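Everything below concerns the one structure shown next.
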Amino acid sequence: MSVSGTVRAAREKARQTARGAVRNAVAAACCLVLGAVAGCGPDGGGGDGTPDQQPSTAPVTAAPVPRGDGGRIPDDVNGDGYPDLAYVTSYGKPAQFDFYNDQRSIVIVYGSAKGLDPATRTVLKPGNPALPDPLTTIEPYPVSADLDADGYADLKFGRHVVWGGPTGPDPDTPSTDLPELTGTPGDFDGDGRFDLPDVEDTQDNPTFRVLYGPFDRDGTPSRRGDSRPDPVNHPDSYNAYSLRAVDADGDRTADLVAAKSADGEQREVFLLNAGDGPGGFAAQARRLRVGSAIASGDFDGDGKGDVVVGDNGSRNNEPGYETEAPEVDGTLTVYFGDGGTPQSLDLDIRSDYLAGDTDGDGRDELLVGQTVPGSARPEITVIPGSPQGLDEEKLRTLRRTGPARVPGATRDLAAGKRYAHLAAVRDFDQDGRCEVVLRWTLPTQGPSYVWVLEGDKDVVTFQDGHLTGAQ
1 MSVSGTVRAA REKARQTARG AVRNAVAAAC CLVLGAVAGC GPDGGGGDGT PDQQPSTAPV
61 TAAPVPRGDG GRIPDDVNGD GYPDLAYVTS YGKPAQFDFY NDQRSIVIVY GSAKGLDPAT
121 RTVLKPGNPA LPDPLTTIEP YPVSADLDAD GYADLKFGRH VVWGGPTGPD PDTPSTDLPE
181 LTGTPGDFDG DGRFDLPDVE DTQDNPTFRV LYGPFDRDGT PSRRGDSRPD PVNHPDSYNA
241 YSLRAVDADG DRTADLVAAK SADGEQREVF LLNAGDGPGG FAAQARRLRV GSAIASGDFD
301 GDGKGDVVVG DNGSRNNEPG YETEAPEVDG TLTVYFGDGG TPQSLDLDIR SDYLAGDTDG
361 DGRDELLVGQ TVPGSARPEI TVIPGSPQGL DEEKLRTLRR TGPARVPGAT RDLAAGKRYA
421 HLAAVRDFDQ DGRCEVVLRW TLPTQGPSYV WVLEGDKDVV TFQDGHLTGA Q
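Laid out in structure tokens, this is it:
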């Protein structure tokens, strides 16, 4: 081993030892604080749910989807004032499922005053015009936004849009395909309507522009903004970067995070604040740190959005490029909306990020965990917000475990394939506190198991095999 390798190994061992001590102390403290409210289980699951307890497989009797009058909540697909959950899953018996053909479905479960209600749901099945054909996205969860400004959130799965309505998506209303390289929606001009950043489809020096909403049902924007050069100065490859709308300063207009394409390694990340420069943004992009996990939230509670960038664990597998620099590996950085000194944390955690206020204190928590099936870590890490930013001393963990065996399987699943992943952080009952959704499914077959948690307590659990024919 080289000298640098020896130093790296020693650093890693010391960091893990120290981290383990902190986690043990924090776990004990969390049980003292949470025990009076939700109870503490021996494995950290706590509450009315335990990490190894699966949702019932019994069918849930369907109820009519509440008819909404429209609203402005981005995740409210039926416009009744409560956010909803949507996800892609397999359809039919495992033997019938083919990832590369059409045997996938979209399930929408609706929120209510009592939280997420699996009795009120819509299932878009193969053959329904509303189900994109083929459903080419590899992401299991959509970005929700009211793209046509009718008061009902629409579901953007990659380039596909499933349109919302008073009772949710109509299975007979065709979905729409947008340009190939659109990013996540945001209100980039402050008019209250969602827009889409779009990478120009050019081989050399790809530019981008904003497509301004509202959009027609054929995907046509109200207007097309001026194009501007590649914000990451990377003109030598097609599809050179991804575009993500964020709140980086708390004003009325969305800002933009651009990340370079990569061959598995962590990405270079840049921030473009809304402004009077080319294309409606600041003239110069701000270079942030390297990292492929990105989220936006108000972690210090000052009313201004903050951006967090960190290590999602992806690596280049080519010889000599398998590792990341120490300042990248397992670390994250918070860029505060007030322009203050960024906060850097070395937590030795590598995963995806979601953010939301789960305790109603006016500050968002950062949740760290895989957001796709089949590659989940054993635990989801919750890092609370504080007036100073993220509070690593008060972090806690969540864990739920899927079944040992699924329909059609002839043997038990390995333990590493049974960990639930992080699906959503959303206030389904609009009580001012976000619930956390964990979900387990195999990547290519079988039913989904879903847990909705308040704190560490299960408040809703269900299994969807009876909805998708995967029972």
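Just so we're aligned: the sequence shown equals residues 1 to 471 in UniProt numbering.
For every residue, glycine included, the Cβ atom is placed at its ideal position computed from N, Cα and C.
The structure presented is a predicted model; accordingly, all values stated were derived computationally and were not measured.
Between glycine 225 and glycine 280, the C-beta spacing is below 8 Å. With three or more CB-CB distances shorter than 8 Å, the stretch 140-151 counts as touching the stretch 74-81. With a 10 Å radius around the Cβ and a threshold of 16 neighbouring Cβ atoms, alanine 153 comes out buried. For glutamine 388, the closest of Asp298, Pro171 and Ala254 by C-alpha to C-alpha distance is Asp298. Contact annotation: threonine 381 and valine 425 have beta-carbon atoms that are not nearer than 8 Å. If you look at threonine 468, you'll find it isn't in any beta strand (DSSP E); it sits in the alpha helix (DSSP H) that goes 465-468. Spatial neighbours of valine 406 in its own chain (CB-CB distance under 8 Å, excluding positions within 5 residues in sequence) are listed in chain order as Pro94, Leu413, Leu442, Gln445, Gly446 and Pro447. With contacts defined as CB atoms closer than 8 Å, valine 307 and valine 257 qualify as a contacting pair. Contact check between the stretch 125-132 and the stretch 168-178: three or more CB pairs, one atom from each, fall below 8 Å, which counts as touching. The C-alpha of arginine 244 is placed about 18 Å away from the C-alpha of leucine 332.
With a beta-carbon spacing of about 20 Å, proline 378 and lysine 394 fall beyond the 8 Å limit used to define contacts. A distance of 8 Å or more separates the beta carbons of alanine 259 and leucine 366.
For the UniProt region "Disordered" (164-238), the full-length beta strand (DSSP E) segments reaching 3 residues or more read 196-199 and 208-212 along the chain. Between tyrosine 87 and proline 140 a beta carbon distance of about 5 Å is seen, short of the 8 Å cut, so the two are scored as contacting. A direct Cα-Cα distance of roughly 34 Å separates histidine 466 from alanine 149. A direct Cα-to-Cα measurement between arginine 439 and glycine 277 gives close to 42 Å. Taking C-beta separations shorter than 8 Å and ignoring five residues to either side along the sequence, the partners of proline 171 in its chain run Thr122, Leu124, Lys125, Asn128, Pro129, Ala130 and Leu131, following chain order. Within the same chain, Val65, Val77, Asn78, Ile108 and Thr122 come within 6 Å of glycine 168 by CB-CB distance, once the 5 residues on both sides are set aside. The three-state reading of DSSP puts proline 326 in coil, since its state is none of H, G, I, E or B. Taking the Cα positions, serine 222 is about 11 Å away from phenylalanine 194. Look at lysine 457 here: in three-state DSSP terms it is strand. Residues of the same chain with a CB within less than 7 Å of the CB of threonine 61, apart from the 5 flanking positions on each side, are Ala119 in chain order. C-alpha of serine 375 to C-alpha of aspartate 216: approximately 37 Å in a straight line. Burial is judged here by how many other beta carbons sit within 10 angstroms of a residue's own beta carbon; threonine 410 has fewer than 16 and is exposed.
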